[in-house]
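As numbered in the working numbering, residues 28 to 312 make up the sequence shown, in order.
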Amino acid sequence: MMAEILKGTDVAQAINSDVAEKVAELKSKGIVPTLAIVRIGDKTDQISYEKAAIKRSDIVGITTKSIVLPEETTQADVIKNIRSLNEDDKVHGVLILRPLPKHISDDAVRTALCTNKDVDGITDGSLSGVFSGAGTGYAPCTAQACIDILDYYKIDCTGKRAVVIGRSLVVGKPVAVMLMGKNATVTVCHTKTVDIPKITREADILIVAAGQMESITKDYVSPGQVVIDVGINWSEEKGKLCGDVKFDEVEPIVAAITPVPGGVGAVTTSVLFSNVIKAIERIGH
């Protein structure tokens, strides 16, 4: 029996539709929802992400404003630009493309951004809100995308065993806390975990953010599981994007799985736009 394919594109369309409706409503009141994108230097992947975000923002009606600084810009100049965006009432959310150039401190830049405009969930204020359940700031968009996929396909987490592979602040740690918030019993596996396949085979829900292309094979899964593959890797050999899960091996075994591409990644930008709307709602415009 074939697994149900949990298409992120369907989830993204549902979020986009909701966002577009709210954007139209805000514009009728004279508010133009605006996202600032800060890019330092000309890294190809960051330029392509920025272009994709701008293109998708047009679909929902959100205005984007690009702040492009040269690679050799100083840390002080980056922070000055971020503080200026913090104070700009016409900018509702700020996305900082990372990694930053080596001479610029990621911590200093994250700290400079105010939490209520941190729509990508990178500041300590946002993360502490996720971990405490206080609802301040925003969850990192990729972690939220995983939860949105589970919600959209009505996958109940209550009492389920969830296993997360990866412990980064971008996905692993926040998604583990968010799963606990949905009453799952959560185990987090990482590079020092002993016998990961034994642990993952016992999961009801498996979220993979290993950062290793096709590292999760049929040995890691068992029938009836829901698998969310966060990985996005370019395979030179296959000439296409692949996940952290070896899809062809895993899909025939499990109950449901996200594809790559068209899975979690497809939802992430929609979450970003949704957060821009939440940022406007929170300041009570």
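Using N, Cα and C, we set each Cβ at its ideal position, and we do this for glycine too.
Taking all protein chains shown into account, decide if residue i is buried (16 or more other Cβ within 10 angstroms of its Cβ) or exposed.
i: Asp-147; result: buried
i: Phe-158; result: exposed
i: Glu-263; result: exposed
i: Ala-161; result: exposed
i: Ser-55; result: exposed
i: Asn-210; result: exposed
i: Ala-103; result: exposed
i: Met-28; result: exposed
i: Val-221; result: exposed
i: Gly-251; result: exposed
i: Ser-75; result: exposed
i: Asp-116; result: exposed
i: Asp-69; result: exposed
i: Arg-137; result: buried
i: Asp-175; result: buried
i: Pro-167; result: buried
i: Val-78; result: For the sequence presented, residue 78 should be read as Lys rather than Val. Lys-78 should be labelled exposed.
i: Thr-150; result: buried
What number of angstroms, rounded off, separates the C-alpha of residue i from the C-alpha of residue j?
i: Tyr-247; j: Gly-208; result: 25 angstroms
i: Arg-125; j: Gln-73; result: 8 angstroms
i: Val-253; j: Lys-267; result: 24 angstroms
i: Val-202; j: Lys-92; result: 29 angstroms
i: Lys-245; j: Thr-101; result: 48 angstroms
i: Leu-154; j: Leu-140; result: 13 angstroms
i: Tyr-180; j: Lys-187; result: 16 angstroms
i: Ile-226; j: Arg-309; result: 40 angstroms
i: Gly-258; j: Glu-99; result: 31 angstroms
i: Leu-33; j: Ala-283; result: 7 angstroms
i: Ile-42; j: Pro-286; result: 18 angstroms
i: Val-281; j: Leu-112; result: 46 angstroms
i: Ala-230; j: Thr-185; result: 13 angstroms
i: Val-118; j: Ala-30; result: 43 angstroms
i: Lys-265; j: Val-105; result: 39 angstroms
i: Ile-58; j: His-217; result: 44 angstroms
i: Ile-123; j: Lys-200; result: 20 angstroms
i: Gln-171; j: Val-38; result: 12 angstroms
i: Val-197; j: Leu-53; result: 30 angstroms
i: Leu-206; j: Ile-255; result: 13 angstroms
i: Asp-183; j: Thr-36; result: 20 angstroms
In the DSSP assignment, find the unbroken beta strand (DSSP E) run with residue i in it and report its ends.
i: Asp-256; result: 253 to 256
i: Leu-233; result: 232 to 235
i: Arg-188; result: 188 to 192
i: Arg-66; result: 61 to 67
i: Gly-120; result: 120 to 123
i: Ser-249; result: Where Ser-249 is concerned, there is no enclosing beta strand (DSSP E), given that its DSSP letter is neither H nor E.
i: Thr-214; result: 212 to 216
i: Ser-262; result: 260 to 262
i: Val-267; result: Looking at the sequence itself, residue 267 is Lys, so the reference to Val does not match. Residues 267 to 269.
Need the endpoints of the alpha helix (DSSP H) that residue i sits in, please.
i: Arg-137; result: 133 to 139
i: Thr-296; result: 291 to 309
i: Val-204; result: 199 to 208
i: Thr-169; result: 168 to 179
i: Glu-48; result: 35 to 55
i: Val-287; result: Careful: Val-287 lies outside any alpha helix (DSSP H) and carries neither H nor E.
i: Asp-275; result: 274 to 277
i: Thr-227; result: 223 to 228
**Study point:** the segment 52 to 65 in contact with the segment 73 to 92 per 3-pair CB rule at 8 angstroms
**Key:** yes
**Study point:** Contained beta strand (DSSP E) runs [length at least 3] in the segment 76 to 107, N- to C-terminal order
**Key:** 90 to 96
Practice item. Give a yes or no on contact between the segment 296 to 306 and the segment 45 to 53, applying the rule of three or more CB pairs nearer than 8 angstroms. Key: yes
Exercise for review: Entirely within the segment 137 to 165 and at least 4 residues each: give me those alpha helix (DSSP H) ranges in chain order.
Suggested key: 151 to 159
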